[in-house]
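Mapping of the sequence shown onto mature numbering (1 follows the signal peptide of the UniProt record, and there is no 0): residues -16 to -1, 1 to 238, in sequence order.
Just below is one structure, and these are the notes that go with it.
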Amino acid sequence: MFRFVVLLGLLAVGLGAPQSKDVVPLLDGRIVGGEDTDIASHPYIVSLLRSNSHICGGALISSDWVVTAAHCVSPTITYSVRVGSTYRNSGGDVIPVARLIRHESYNSATTDNDIALLLLSHPVSNPNAIPIALAREGGAPEAGSTATITGWGALSEGGPSPTILQVVRVPVVSQADCRAAYGQSAVTDRMFCAGVLGVGGQDACQGDSGGPVVINGLLTGLVSWGAGCARPNYPGVKTSIPPLRSWITTNTGI
């Protein structure tokens, strides 16, 4: 169901940025350069399941609403979420998704407005599953802020995926540097970048899509797309919550 988003055309047409390969959504839960953690430290993270298999991450924003990336879901597919577990394939509670709302302006070609809301069939009651507060409406987060990213999956590009929840902390990259890497048109106001620019080695990777990006204790972004995994000159691109905050409120009341 997933469409790999190839932005090479945008990068090649006079955008003043180097061409890159493997620019794709970060599907299936991978953290590069991180470390083991547990659900007690990040009780808001959920595993999005299709046919009882992990496909993406997500964040619990109330007792019965989850936010994830739009490219993770299709209106014609049935999903559930695992909440309250450190482990990708076991533990916690599995709750069916009763309703799916994908942003009406989501663009699968550019990955703009890469956000979706999932209404659970019943409220979460697991004590290890606690909603996270959302960042306020506004623009991109401040460059240099520390972004905490969690997810399940490979520890290196193309590597095996552990079952234990992973965490990595990386700095937010300025919008100017983000656009210099990918192109002015490729990075919209509803996106921001995070990663160790010029160094690499730490970030989300394919499979972590929809997973939470937390800054100052608030849900500020979602893992969205990027070039490969933790490459020095290509920081990971995140869906930015602040510009989409009113859309979330309109649809959920949160």
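Where a beta carbon is used, it is the ideal one built from N, C-alpha and C, also for glycine.
As the structure is a prediction and not an experimental result, all values here were calculated from the model.
Going by other Cβ atoms of all chains shown within 10 Å of its Cβ, with 16 needed for buried, is residue i buried or exposed?
i    : result
R174 : buried
H106 : exposed
R83  : exposed
A53  : buried
V117 : Note that residue 117 is Ala in the sequence shown here, rather than Val. A117 comes out exposed.
S37  : exposed
A43  : buried
T234 : exposed
D98  : buried
I39  : buried
What does a CB cutoff of less than 6 Å around residue i pick up in its chain, not counting 5 residues either side in sequence?
i    : result
C128 : Cys is not the amino acid found at residue 128; the sequence shown has Gly there. These residues qualify, in order along the chain: P155.
G18  : Q150, V151, V152
Q159 : A124
Please classify residue i: does DSSP put it in a helix, a strand, or coil?
i      : result
I23    : coil
P111   : coil
F(-15) : Its pLDDT being 30, under 50, F(-15) is placed unreliably in this model, and the value from its coordinates should be taken loosely. In this structure, F(-15) counts as coil in the three-state DSSP scheme.
A54    : helix
P226   : helix
Y71    : strand
N91    : strand
G122   : coil
A170   : coil
V221   : strand
S31    : strand
V81    : strand
A178   : strand
L149   : coil
W136   : coil
If you follow the alpha helix (DSSP H) that residue i is in, where does it begin and where does it stop?
i    : result
D161 : 159 to 166
R229 : 229 to 236
Hey, could you find the ends of the beta strand (DSSP E) residue i is sitting in?
i    : result
G41  : 37 to 44
I61  : Careful: I61 lies outside any beta strand (DSSP E) and carries neither H nor E.
V198 : 196 to 199
A100 : 100 to 104
A127 : Element bounds for A127: n/a, residue is neither H nor E.
Please list, in chain order, all residues of the same chain as residue i whose beta carbon is under 8 Å from its beta carbon, the five residues on each side excluded.
i    : result
P125 : A119, A131, V156, F176, I199, T204, G205, S224, P226
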